[in-house]
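Worksheet: the structure to be examined is printed underneath.
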Amino acid sequence: MNTKIITDADGFLAVREDWERLTEKDAHATYYSTFEFNYAWWQAFGKDGSKELFILCHYRDNVMVAIAPLMIRVINKKIVKCRVLSFLGKGDYFNFIIDSSKFKASSIIREMLNTIEEHSAKWDKIELTHLQMDTPLLRYLLRHDEYSKHTQYLTSCARINSKDYESFADFEKEMLNTKLRRKRTKLQDDTGYRFRIVTGRQSEEMYDKISHIHQLEKKYLQEVKGRRDRGSVFEDKNNEYFLKRLFKGNERILFFYLESDDGDIIIYKCCYLYRNVLYGWNTGYSPKYSQYHGISDVLLMEMIESLFQSSCTKEIDFGAGTYSWKFRWTNQFSVSYSFMMWNETSQQSKLLRLLTQSREILRAVKGLKNAL
């Protein structure tokens, strides 16, 4: 029994076969757990010098049985730098990847957390976010006093499961109203739209198309709607490199969109497909059709109807966030937690906590003065 730590890209690539094997074994794995997602992300974002790989590989009887896909990122606080141990990538679900067919997941997690604490000289804070409910990792953290006090609710993820309904008509009867149906009819009558589904393998042009639309939407929201804080994920060069690398020839990347009679994309939704679940990732619409209220509702209706016709997609996950529109479509949701713990032995950690406490005191005093 031992745990190895990977700190370089060559070592990362070398465990691909084991990583993919473990992902297949772990019932809690999501697309954000996959090697292809994490390696593509690291190739794009791991070269700026502020991040270091810290991937834990745990072995039993000389066979890898678990991976903790972690990194250490350095956050410059001007006065002091903070080394944060966190998950690789950016997504809605994160977890340790574990094969518990022969060994208890709790014993594996215990050994991996012990390894993290044995290397406490390397980090000032642990920040593990988007921990799924009902997973061995979250259960372990909640059951142990030294960790449970640092574990708290983070957000929720709404999800539609077609298996909860006998048919789309059954879903429509329970969840849709006359107003939604009218939106669909009006858009169809005015634009003659067609509902399309394309994979990353089928079209390498889709990245450029949705990138263009998303940036047009951003410009429209800034200039017409006054939303100056609106940005676009497609403007970041590292993100562009990551997404193009991930999308290319990838059957797990699905683009759902409405196409007008003129061939325009009215609105799109990009999803990751893994184990029959569509993980909603990004949506954008053409400002040309901004006069139509509820075009996102129309696209969702088409997507949900397609669930009942497909053999490979059964669920839609709306992703992290408690936006009310998500819960108008479903009664199902999961809860995610975060685990944040300071390194009690780190001098940098002590200074950072002191600065944080001082800032909170100043804010409280300022608030009191304003109240008076």
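Residue 290 in the working numbering is what sits at position 302 of the sequence shown, and the numbering runs on without skipping anything.
Quick reminder that beta carbons are idealized off the backbone N, C-alpha and C, glycines included.
The structure presented is a predicted model; accordingly, all values stated were derived computationally and were not measured.
In this structure, DSSP gives Glu40 an extended state, which the three-state scheme calls strand. For the pair Met291 and Ile283, the CB atoms are not nearer than the 8 Å cut-off. Taken through DSSP and simplified to helix, strand or coil, Ala(-3) comes out as helix. In this structure the stretch 304 to 317 lies against the stretch 265 to 282, because at least three pairs of beta carbons, one per stretch, are closer than 8 Å.
As a beta-bridge residue in DSSP terms, Val62 pairs with Arg71. Collapsing the DSSP output to three states places Leu204 in a helix. Only residues of its own chain outside the window of five on either side were considered, and among them Met(-11), Phe91 have a CB closer than 6 Å to the CB of Arg48, listed in chain order.
Beta-bridge analysis with DSSP links Met329 to Ile114.
For Tyr229, the enclosing alpha helix (DSSP H) covers residues 225 to 235. Put simply, the stretch 273 to 281 touches the stretch 199 to 207. At least three CB pairs are less than 8 Å apart. Judged by DSSP secondary structure, Asn102 falls within the alpha helix (DSSP H) whose first and last residues are 93 to 106.
Cβ neighbours of Glu239 within its own chain (closer than 6 Å, five residues either side excluded): Thr187, Arg189.
Taking the C-beta atoms as reference points, Tyr195 is found nearer than 8 Å to Lys232.
Residue pairing of Ser144 in beta bridges, as defined by DSSP: Val323. Taking a C-beta distance under 8 Å as the contact criterion, Phe42 and Ile67 do not qualify as a contact pair. The shortest CA-to-CA distance from Leu287 to any of Leu126, Arg182, Thr333 is the one to Arg182.
By the Cβ-count criterion, Glu106 is exposed, with fewer than 16 other Cβ atoms from all chains shown falling within 10 Å of its own Cβ.
Straight through space, the alpha carbons of Asn64 and Glu332 are spaced by roughly 19 Å. Per the DSSP secondary-structure output, Gln279 pairs with nothing in a beta bridge. The alpha carbon of Lys78 has as its nearest neighbour, out of Arg71, Phe230, Lys110, Leu129, the alpha carbon of Phe230.
By the beta-carbon neighbour count (other beta carbons within 10 angstroms, threshold 16), Ala157 is exposed.
By the C-beta density criterion, Arg147 is buried, having at least 16 other C-beta atoms within 10 angstroms. Rounded to whole angstroms, the gap between the alpha carbons of Leu126 and Glu154 is 33 Å. Cβ contact annotation for Asp87 (same chain, cutoff 6 Å, sequence separation greater than five): Leu10, Lys13, Val53, in chain order. Rounded to the nearest angstrom, the gap between the Cα atoms of Asp(-2) and Tyr27 is 11 Å. Cys259 and Lys(-8) have their C-alpha atoms spaced approximately 34 Å apart. In the three-state scheme derived from DSSP, where H, G and I count as helix and E and B as strand, Arg218 is classed as coil.
The beta carbons of Phe327 and Leu129 sit closer together than 8 Å. Judged by DSSP secondary structure, Thr187 falls within the beta strand (DSSP E) whose first and last residues are 182 to 187.
Bridge pairing for Phe244: Ile185, Lys257 [DSSP].
Residues Met59, Arg61 of the same chain have their beta carbon placed closer than 6 Å to that of Lys39, with the five preceding and five following residues left out of the count.
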